[in-house]
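Taken in sequence, the protein lines are chains A and B.
Take the first sequence: its letter number 338 is residue 341 in our numbering, and every next letter is one higher.
Take the second sequence: its letter number 392 is residue 670 in our numbering, and every next letter is one higher.
Glycine included, C-beta positions come from ideal geometry on N, C-alpha and C.
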Amino acid sequence: MISKFSHECHCRIAFTLSLVLYILAPAAYAAENQSYAELVSWIKAGSPDTSSLTTGQRLTINDREQYLEGLIPISAWEYYIFNDMDMEFAERGSYPPSSDWGVRMDQDYSIDERGVLIDFTGGGFPFPDINEDDPFAGQKVIWNMLWRPGNVDYDMPMTTWLRSEGGKLDRKLEFTSVASTYARGDHCLVEGYEEVKSKRVMEFRSPRDMAGAKDMSITYVDHDRENSGWMYIPSQRKPRRTLASERTSELMGMDMIREDINGFGGKVYENKWTYLGKRDVLATINVRDNPESGGPHLWVPHKARWEVREAHAVLIEPRSETHPYSYKIVFVDVETNWTLWMFAFDRQDDQLLRMNQHYLKYSESYATEMPQQAPYVKQDFSDNIGHFVMLHLGESDINAKKPHATITHCYVRKRDFSPARAKQFYSLRNMISGRR
Amino acid sequence: MVAAKVNKCRIVRYIINLVAVNLEPKKLKRNLCLIAVFVSLFKLTHLHAIVSLGDSVELEGTLKFQNILRTPKFRDAEAIMQRNTAQLESKYYFLKDREAFGRFNSGPIEEATLTVIGRGVYDSIYDVRGSYADSFTKEDNKYGRTEASLREAFVDIVLPPFSLRLGRQQVVWGETDGFRALDVINPLDLSWHWSRESWEDIRIPLWMARGIYDIGKFKWFDESFIEAIWIPTDFRPNRISTDPRNPWAFTGNGLPETANAIYKDGELLDLDVEFRNRRPNKKWTNGQAGARFKAIWGDIDFSLNYFYGFSADTGVKVQNSLTKTSDGIHYMVKDLVNPRTHVLGLTANYSEERFTQSVLRMEATFTTGIPVKFDSEVPISVDPDQDQFDTARRTVLMLAVDRPTWIKSLNKHRTIFLSSQVFWRHYLDYSKYYRGISTVKHGMVAGEKVGGKYVSFNTDRIDRDEFVITFSASTSYGPAGLIKPTFIMALDPRSTGAYNKFAVDYFWSDNVLLRFQQSIYWRAANHDPGPWALGDIWGHTTSNSRHETDLSLILQF
Chain A
4 MISKFSHECH CRIAFTLSLV LYILAPAAYA AENQSYAELV SWIKAGSPDT SSLTTGQRLT
64 INDREQYLEG LIPISAWEYY IFNDMDMEFA ERGSYPPSSD WGVRMDQDYS IDERGVLIDF
124 TGGGFPFPDI NEDDPFAGQK VIWNMLWRPG NVDYDMPMTT WLRSEGGKLD RKLEFTSVAS
184 TYARGDHCLV EGYEEVKSKR VMEFRSPRDM AGAKDMSITY VDHDRENSGW MYIPSQRKPR
244 RTLASERTSE LMGMDMIRED INGFGGKVYE NKWTYLGKRD VLATINVRDN PESGGPHLWV
304 PHKARWEVRE AHAVLIEPRS ETHPYSYKIV FVDVETNWTL WMFAFDRQDD QLLRMNQHYL
364 KYSESYATEM PQQAPYVKQD FSDNIGHFVM LHLGESDINA KKPHATITHC YVRKRDFSPA
424 RAKQFYSLRN MISGRR
Chain B
279 MVAAKVNKCR IVRYIINLVA VNLEPKKLKR NLCLIAVFVS LFKLTHLHAI VSLGDSVELE
339 GTLKFQNILR TPKFRDAEAI MQRNTAQLES KYYFLKDREA FGRFNSGPIE EATLTVIGRG
399 VYDSIYDVRG SYADSFTKED NKYGRTEASL REAFVDIVLP PFSLRLGRQQ VVWGETDGFR
459 ALDVINPLDL SWHWSRESWE DIRIPLWMAR GIYDIGKFKW FDESFIEAIW IPTDFRPNRI
519 STDPRNPWAF TGNGLPETAN AIYKDGELLD LDVEFRNRRP NKKWTNGQAG ARFKAIWGDI
579 DFSLNYFYGF SADTGVKVQN SLTKTSDGIH YMVKDLVNPR THVLGLTANY SEERFTQSVL
639 RMEATFTTGI PVKFDSEVPI SVDPDQDQFD TARRTVLMLA VDRPTWIKSL NKHRTIFLSS
699 QVFWRHYLDY SKYYRGISTV KHGMVAGEKV GGKYVSFNTD RIDRDEFVIT FSASTSYGPA
759 GLIKPTFIMA LDPRSTGAYN KFAVDYFWSD NVLLRFQQSI YWRAANHDPG PWALGDIWGH
819 TTSNSRHETD LSLILQF
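See below:
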C-alpha cells in the first residue's frame with residue numbers, strides 16, 4: 004500500500020515537473036532567441052536557398068528548419084512559427100514605382116556629416132543606389148524609406164485590436180488617417196508651403212471615449228525642424244498644441260511608440276547608424292487581403308501570402324542614455340524601400356522589447372484582387388490602380404516584455420487633393436471644432 | 279484611532295442601510311431589473327461606437343450612472359446624488375461632395391451636416407432618500423430630479439474657404455483649463471455639481487452663428503483664420519442654486535442656510551427679500567458678438583480675441599428706495615443684473631522642443647463690466663447710488679506649461695502628462711469696499727442663538743490681486759492602458775484654500791467604463807474663503823465640508 008502510494012506520488016511529481024518544464028521551455032527558448040546578439044548572428048548567417056519553393060506552396064511548422072528559421076528573423080520565431088501556421092508562398096514579385104518617379108526631382112541636395120539629408124524635396128528616392136561600403140549607407144536606406152512613394156496621399160480608415168496573451172481582446176479602436184505629400188520634387192502641392200514635407204489629419208471614431216478626437220501634424224522638409232501638432236479633444240472643444248520631440252512613450256495604449264512608426268519615425272541625428280548588409284526575409288509584401296490573425300495569441304498574420312524579399316538590414320543605436328532601446332534593427336525592402344520588419348531591444352538587458360511587421364499590397368494588384376472594405380465605410384478601391392505604389396494594409400506590433408500586441412488593419416484608398424482642397428482641409432481652422 | 283474606527287463604522291453602516299433600503303420588497307423587483315441591466319452591460323465587450331444608419335446617419339451616446347457620497351471631513355457619509363444620465367448624439371450627413379440628399383447639386387457648398395445632441399437626466403436620490411423626497415413639495419416642481427433637454431442642435435456648412443455653424447452650440451476660446459478667462463461665451467450650469475464635472479456637460483449651449491474664414495498663409499502668418507460669432511438674443515447667466523436643500527447649493531461661507539433675518543438698529547428683524555429679474559431679455563438689442571484672429575507666427579500659435587456680451591455672473595443691486603421696515607419685518611428689493619462686458623484677449627502657445635520639451639501656454643484678458651458687491655457700510659462717495667453694486671475692470675494673466683514626462687519608477691511604458699497653470703487676476707478699478715463671498719450665521723439676541731433665524735454678513739474683502747495655481751498629472755496603466763489615473767490640485771496661495779481630486783477610470787470593455795473619484799477641500803491656514811470657491815468655503819466646518827466620493831458606471835456606444 005505504502006509502496007503503491009509512493010509510486011503514485013513519484014509519478015505525480017514527475018508529471019508535475021514535466022508539465023512545469025514543458026510550460027517553461029518555450030519561455031526559456033524564446034529568451035534564448037530574442038537577444039540583440041542572436042539577431043545579429045542570424046543576419047550574418049546569410050540567406051538560405053529557397054530556389055525549390057514554388058508559388059502556391061504552403062509553408063507550415065514542418066518547414067521550420069528548412070525554410071522558416073532561415074527566413075523569419077530569429078527574434079520573431081516565438082510569435083510567427085506555431086503549430087497550425089499556414090503561409091502561402093509566392094515567388095518574388097516586382098513592384099516598380101510609376102515611370103515619373105525620380106523624374107521631377109530637384110537634384111541639388113546633399114547629406115551632411117550627421118547623415119542628415121539637406122535640401123531634398125522629394126519626387127524620387129534620394130539614394131537609389133546603396134553602396135554597402137558607404138559610411139552613410141544605413142542613413143541612406145532610411146532616407147529612401149522616409150521619402151518612398153505611397154507613404155501618404157490617402158484616405159486610410161483603420162481598425163486596431165489590442166490583444167493580451169491567449170488572444171484576449173482588450174480594446175478595439177477605429178480611426179481614419181488622411182495625409183498628403185506637399186514636397187513633390189520640383190513643386191509643392193500648395194504653392195507657398197515649400198517648407199512642408201507632408202500634412203496629416205487623423206480622427207478617432209471608436210471607442211466612444213475617443214470618438215471625435217483628432218490630431219493634425221505637419222512634417223517639414225527640414226529634418227532638424229520638429230513636427231508641429233495639434234489635438235482636438237471633444238470634451239474640451241478646443242485644440243491643444245502637442246509636443247513632437249517626445250517619441251518614446253506608448254501611444255493610446257498601443258504597443259508602439261512614435262519612433263517605431265514605419266520602423267523608424269525619429270530623428271536621424273539622434274542615433275548611430277550601421278549598415279549590416281542585405282538579407283532575405285519572408286514578408287507580407289503583396290497580400291491578397293488584410294490578413295486574418297493567427298498564432299497562439301492572434302498576434303500575427305495567418306493564411307496570408309508571403310514572399311521572400313531581399314532587405315537592407317540597418318542597425319540603429321540611440322545616442323541618448325535614457326532611450327528605452329539599446330539597439331534597433333530594421334529590415335527595409337530593397338526594391339520598394341518599405342520597412343518589412345523592425346526589432347527593438349531593451350536597454351536593460353538587450354532582449355527584445357518591441358517589434359513590428361508590416362502587411363503591404365501593391366496598388367496594381369487591386370486590378371485582380373480587391374481587399375476587404377473597412378467595417379464602417381465603403382471606398383472605391385479602384386482609385387488605387389495606376390499609382391504604382393505599395394499600400395499599407397496593416398501591421399503587427401508586439402511588446403515582448405509585457406507581453407502584448409497591437410494588430411492594425413488599414414483600408415487604404417489613394418487620394419489626390421487639389422491644392423485648394425488641401426489648403427482648406429489641412430488647416431488649423433479645421434482643428435477648432437469636431438464632430439461635437 | 280478610536281474616532282477613526284467609529285467613523286469607518288458609521289460609513290459602513292450607512293452603506294449597509296443604503297443597500298437595505300434598496301432591498302425592500304417594494305423596490306427589490308425594480309432593483310433586480312436594474313441589476314439585470316447592469317450585468318448585461320458588463321457582458322458587452324465591443325459594441326460599435328457610432329452606429330451607422332445607412333450612409334448618412336450616425337448615432338452615438340452614453341448612459342451614465344453617477345453615485346456621489348458626501349463624506350464631510352471623512353467623519354460621516356451621506357449619499358447626495360444618484361444621477362442617471364442618457365445622452366444621445368446624432369449626425370446627419372445630408373450634403374456630401376456638393377450633392378444634397380444624394381440628388382441636388384449644391385453649387386459651392388461642399389459639405390453640410392446636422393448634429394443633434396439630447397440629454398435626459400433622472401436623479402434617483404430623491405426617491406431613494408426619504409429626507410430628500412420630503413424636503414421638496416409639489417410646488418418645487420421636482421427641482422433637479424429630472425431633465426430632458428436638447429443640448430445642442432446645429433448645422434455645419436462648408437463653403438470653402440468659409441465654414442458656418444448655425445444653431446445651439448458651445449464655443450470655447452482660450453488656453454486655460456478649469457478656470458475661465460476668455461472661455462466666457464457659454465455660461466456654466468453650476469447648480470447641480472458646481473464646476474466639478476466635465477465642462478462639456480455643464481456649459482449651457484446657446485443659439486448662435488459661428489463663421490470661420492480661412493486665410494492660410496500671408497505676410498508673417500501661417501494657418502491663419504478669422505472667426506466671428508453672433509448670439510442674437512440668447513443670453514443666459516451662469517446657473518447657480520442657492521436653495522440649501524440642493525446638495526450643491528451655493529450658500530456662502532458659513533451655514534448652509536438662506537438668510538432670513540437682519541440686524542437693524544441692534545434689533546433682529548425678519549427679512550423678506552424680493553428678487554427682481556433685470557437680466558437682459560430676448561431682444562435684438564441684447565445681442566452678443568465676438569471675433570478672433572488666430573494664426574501661427576514663427577512657431578508661436580496665437581490669437582487675438584474680442585467679445586461683446588453680458589457678464590454671465592449675476593450682480594445684485596439693492597433698491598434702497600424700496601426698502602422698508604414694517605411690523606418687525608424688513609423688506610428689501612434686489613435686482614438681479616448682468617452688465618454689458620467687453621472682453622479683450624490674447625492667447626499664445628509654443629511647443630519648446632529643445633531645452634524643456636514642453637508646451638508653453640499663455641492667456642491674457644482685459645474685461646469690463648464685472649459685477650461686484652459693496653460692503654453695506656460703503657460711503658456714499660464710493661457708492662453714490664447706495665445700491666451696494668458696482669462694475670469693475672479686471673485683467674487675467676494665465677501662464678501654463680504642459681509636459682509629457684518620463685517617471686520610470688511610476689510608469690515604465692508611458693509618460694506622465696504633467697500640466698501646471700498660474701492665474702493672476704487683477705482689479706484695475708479697485709475699492710477696499712469690494713466684498714466677496716458672504717457668510718450666513720445664526721441670528722443672536724443677547725448672546726443667545728435664535729432658532730431658525732439666519733443672518734448674512736459679508737466681511738470678505740476682495741483682494742486687488744488674486745492668484746490660483748493648478749497642477750494635474752495623468753497617465754495610463756495596464757498592457758492596453760485601460761487604467762487611467764488622474765490627479766488634480768488647485769491652490770489659492772493667499773487664502774491657502776485648495777482642492778484635490780484623485781480619479782481613476784477603468785475601461786472594463788470598450789463600452790463599459792468604471793470611474794472612481796475622490797474630491798477633497800482643505801486649507802492650510804486661516805478661514806479666508808478666497809475668490810475661487812476652493813478650500814475653506816467647502817471645507818471649513820464639518821457642516822460645509824464637501825469631500826466627496828464619486829462612483830460612476832458609464833456605458834458608451
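Taking DSSP as the reference, what is the three-state secondary structure of L675/B? strand
Spatial distance of K686/B from D577/B (CA atoms): 31 Å
Which of helix, strand or coil does DSSP assign to E505/B? strand
Reference G647/B, options P662/B, V656/B, V615/B, S368/B, closest by Cα: G647/B has its Cα closest to that of V615/B, out of P662/B, V656/B, V615/B, S368/B.
Presumed contact (8 Å Cβ cut-off) between D258/A and N402/A, rounded CB distance: Cβ-Cβ separation between D258/A and N402/A: approximately 4 Å, consistent with a contact (criterion under 8 Å).
For S6/A, which residues of its own chain have a beta-carbon under 7 Å away from its beta-carbon, when the five flanking residues on both sides are left out? Any reading at S6/A is ruled out, since the residue's pLDDT is 44, under 50, leaving its predicted position unreliable.
C-alpha distance - H471/B paired with Q699/B, whole-angstrom precision: 23 Å
Cut-off 6 Å between Cβ atoms - residues of its own chain near G1/A, not counting five sequence neighbours on either side: This structure does not reach residue 1/A, given that chain A is present from 4 up to 439, and the question cannot be answered.
Is the stretch 261–268 of chain A close to the stretch 365–372 of chain A, with three or more CB pairs under 8 Å? no
Helix, strand or coil for E826/B, going by three-state DSSP, please let me know. DSSP places E826/B in strand when its eight states are reduced to three.
By the 10 Å Cβ neighbour count, where 16 or more other Cβ atoms means buried, how is N267/B classified, buried or exposed? For chain B, the structure presents residues 279 to 835; residue 267/B sits outside this window and is missing.
According to DSSP, what are the bridge partners of V303/A? G297/A
Quickly, what does DSSP pair I798/B with across the bridge? List them, please. N778/B
May I have the straight-line CA-CA distance separating F420/A from D336/A, to the nearest angstrom? 28 Å
Three-state secondary structure (DSSP) of S366/A: helix
Under DSSP, the alpha helix (DSSP H) around P422/A begins and ends at which residues? 422–428
Local conformation of R282/A per DSSP, three classes: Strand at R282/A.
Just checking: is the beta-carbon of R250/A within a distance shorter than 8 Å of some beta-carbon in chain B? no
Determine the direct distance from the alpha carbon of E262/A to that of D189/A, and round the result to whole angstroms. 29 Å
For S409/B, the first and last residue of its enclosing alpha helix (DSSP H): In the DSSP assignment, S409/B falls within the unbroken alpha helix (DSSP H) covering 408–413.
With 16 other CB atoms within 10 Å as the buried threshold, where does V23/A fall? Bear in mind that the predicted position of V23/A carries a pLDDT of just 49, short of 50, making it too unreliable to give a figure here.
Relative to the C-alpha of S368/B, which candidate in G380/B, L331/B, E377/B has its C-alpha closest? For S368/B, the nearest C-alpha among the options comes from L331/B.
Starting from the N-terminal side, write out each stretch of the beta strand (DSSP E) that is 3 residues or longer and does not extend beyond the stretch 598–684 of chain B. 602–604, 607–615, 618–630, 636–652, 667–683
Please state whether DSSP places T563/B in a helix, a strand or coil. Helix at T563/B.
Please determine if the stretch 726–733 of chain B and the stretch 676–685 of chain B are in contact, where contact requires at least 3 C-beta pairs separated by less than 8 Å. As far as the Cβ criterion goes, the stretch 726–733 of chain B does not touch the stretch 676–685 of chain B, which means the pair count is below three.
When we look at the beta-carbon of L484/B and count the other beta-carbons within 10 Å, is it buried (16 or more) or exposed? The Cβ neighbour count for L484/B, taken over all protein chains shown within 10 Å, is at least 16; the residue is labelled buried.
Any beta carbon from chain B within less than 8 Å of P210/A's own beta carbon? yes
Note down, in chain order, every chain A residue with its Cβ under 8 Å from the Cβ of Q448/B. R240
Span of the beta strand (DSSP E) holding L42/A? Where L42/A is concerned, there is no enclosing beta strand (DSSP E), although the alpha helix (DSSP H) it sits in stretches over 39–47.
Which residue marks the beginning of the beta strand (DSSP E) containing D218/A, and which one marks its end? 217–223
For W508/B, is the classification buried or exposed, using 16 other Cβ atoms within 10 angstroms of its Cβ as the cut-off for buried? exposed
Can you list the residues of chain B that K417/A reaches, using a CB-CB cut of under 9 Å? Under the 9 Å cutoff, chain B gives no residues; its nearest Cβ is about 17 Å from K417/A.
Between Y32/A and D354/B, what straight-line distance do the alpha-carbon atoms span, to the nearest angstrom? Its pLDDT being 44, under 50, Y32/A is placed unreliably in this model, and the coordinates cannot settle the point.
Of the residues F513/B, T820/B, N583/B, the one placed nearest D591/B, counting alpha carbons only: F513/B
If I'm right that G127/A touches M108/A with Cβ under 8 Å, what's the distance once you round it to whole angstroms? 4 Å
So, does the CB of A425/A fall closer than 8 Å to a CB anywhere in chain B? no
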